[in-house]
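**Student:**
Protein chains in written order, with my numbering: chain A, 4 to 179; chain B, 58 to 216.
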């Protein structure tokens, strides 16, 4: 009997490890930017090339930074969630229009609705690289001091907004 | 008279070198720099297609990152600094050779630990067996019986 106990034990441990491995999403690479100051940027706005936008303009409030593009299919999937969130007026959403053509981006927002207070226009993807973007859409939660507190990779779901984003925003807003 | 299919094939064949020409890399004005860019991008993982290096990948992000590496090296950054720049943005995961630190100890030393455990187990097992053999192994009677059996075998083979 004892003879089989050890191999069985090893087997069970192995299965547990494999099960954990199978359930991890390899696309979700933990971002090293969490709890670090948001990388600086200064780029034109999508709707008005004459105006610029920078993360410094947004200091002092909690905001969401959502990376999107008109060519990004899963952005369409998450878009209704963002539009809905914007209507609630609890947290300003700023967009990062990533590697897009200006007209395409503007047309896309006209078609699907514009949840963004403003969108930064990142034609060559530089801002994206500074934010470690590798799979659009991605969403950052940035606090009043300009520190990144959370990053959501992939399309936002209603569940993620209700369970993670909104509670976090509330918590961050409560802090001075 | 060649058939339509032959003509089509010929046309396709004639077009292939042209198709290749369209993909040619941008003119390299500094081969030394280019070599450094290539070497460095072979050590960085493309996060879009995770099992490829930036050098191998044609994903748009990989191309962007290669350009970024080129620019940084050109600006006088060292290889280590560029790697640091990438790690700051994408985390240790971009490095194909993970750094040795507390969270990666198991990754680096785990296999050696397993090897040691295996060698130790083998050693113990062998010692136990040697002890059993040294304890006498066969009794005199058993020895006689074994000899008898072996002899009988030999006789039968000889017959």
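Quick reminder that beta carbons are idealized off the backbone N, C-alpha and C, glycines included.
Which full runs of the beta strand (DSSP E) of 3+ residues lie inside the region 14–101 of chain A, going along the chain?
**Tutor:** 45–47, 55–57, 66–71, 96–101
**Student:** For residue 118 of chain A, does the count of other Cβ atoms within 10 angstroms reach 16, so buried, or fall short, so exposed?
**Tutor:** Translated into the one-based positions of the first chain, residue 118 of chain A becomes position 115. It counts as buried.
**Student:** Quick one: which chain A residues come within Cβ less than 8 Å of residue 144 of chain B?
**Tutor:** The residue given as residue 144 of chain B occupies position 87 in the second chain. Within chain A, the residues near residue 144 of chain B are 35.
**Student:** Can you tell me whether residue 142 of chain A is buried or exposed? The criterion is at least 16 other CB atoms within 10 Å of its CB, across all chains shown.
**Tutor:** For the purposes of this step, residue 142 of chain A is taken as residue 139 along the first chain, with counting starting at 1. Buried is the call here.
**Student:** Which of the three DSSP states, helix, strand or coil, is assigned to residue 183 of chain B?
**Tutor:** Locating residue 183 of chain B in the second chain gives position 126, where the first residue counts as 1. Residue 183 of chain B falls in the helix class under three-state DSSP.
**Student:** Would residue 113 of chain B count as contacting chain A if we go by Cβ distances under 9 Å?
**Tutor:** Against the second chain, residue 113 of chain B aligns to sequence position 56. No, no contact with chain A.
**Student:** Hey, how far is the Cα of residue 31 of chain A from the Cα of residue 8 of chain A?
**Tutor:** Translated into positions along the first chain, residue 31 of chain A becomes position 28. Translated into positions along the first chain, residue 8 of chain A becomes position 5. Rounded to the nearest whole angstrom, the C-alpha separation of residue 31 of chain A and residue 8 of chain A is 37 Å.
**Student:** Give the straight-line distance between the Cα atoms of residue 120 of chain A and residue 97 of chain A, rounded to the nearest whole angstrom.
**Tutor:** The residue given as residue 120 of chain A occupies position 117 in the first chain. The residue given as residue 97 of chain A occupies position 94 in the first chain. The straight-line gap from Cα to Cα measures roughly 6 Å.
**Student:** Can you have a look at residue 180 of chain B and say buried or exposed, based on whether 16 or more other CB atoms are within 10 angstroms of its CB?
**Tutor:** Position 123 of the second chain, counting from 1, holds the residue named residue 180 of chain B. So residue 180 of chain B ends up on the exposed side.
**Student:** With distances taken between CB atoms, is the gap from residue 108 of chain A to residue 138 of chain A smaller than 9 Å?
**Tutor:** Taking the first residue of the first chain as position 1, residue 108 of chain A is located at position 105. Taking the first residue of the first chain as position 1, residue 138 of chain A is located at position 135. Against a cut-off of 9 Å, the Cβ pair of residue 138 of chain A and residue 108 of chain A comes out as no contact.
**Student:** In the region 157–182 of chain B, which residues sit with their C-beta less than 8 Å from some C-beta in chain A, listed in chain order?
**Tutor:** none
**Student:** Give me whichever residues DSSP pairs with residue 143 of chain A in a beta bridge.
**Tutor:** The residue given as residue 143 of chain A occupies position 140 in the first chain. BP columns for residue 143 of chain A point to A:68, A:154.
**Student:** Contact defined as beta carbons within less than 8 Å: I believe residue 195 of chain B pairs with residue 203 of chain B. What is the distance between those atoms, to the nearest angstrom?
**Tutor:** Reading the second chain from its first residue, position 138 is the one you call residue 195 of chain B. Reading the second chain from its first residue, position 146 is the one you call residue 203 of chain B. That belief holds up - the Cβ atoms of residue 195 of chain B and residue 203 of chain B are roughly 7 Å apart, short of 8 Å.
**Student:** Can you tell me which of A:161, A:152, A:163 puts its alpha carbon nearest to the alpha carbon of residue 35 of chain A?
**Tutor:** Taking the first residue of the first chain as position 1, residue 35 of chain A is located at position 32. Ranking A:161, A:152, A:163 by Cα distance to residue 35 of chain A puts A:152 first.
**Student:** Have a look at A:134, A:83, A:116 and flag the residue whose alpha-carbon is nearest the alpha-carbon of residue 145 of chain B.
**Tutor:** Against the second chain, residue 145 of chain B aligns to sequence position 88. Measuring from the Cα of residue 145 of chain B, the nearest candidate turns out to be A:134.
**Student:** Give the residues from the region 135–165 of chain A that approach chain E closer than 9 Å (Cβ to any Cβ), ordered along the chain.
**Tutor:** The question asks about chain E, but that chain is absent: this structure's protein chains are A and B.
**Student:** Report the residue from A:72, A:90, A:86 whose alpha carbon sits nearest the alpha carbon of residue 106 of chain A.
**Tutor:** Translated into positions along the first chain, residue 106 of chain A becomes position 103. Selected option, being the one with the closest Cα: A:72.
**Student:** Helix, strand or coil for residue 154 of chain B, going by three-state DSSP, please let me know.
**Tutor:** The count along the second chain starts at 1 and reaches residue 154 of chain B at position 97. It is coil, neither helix nor strand.
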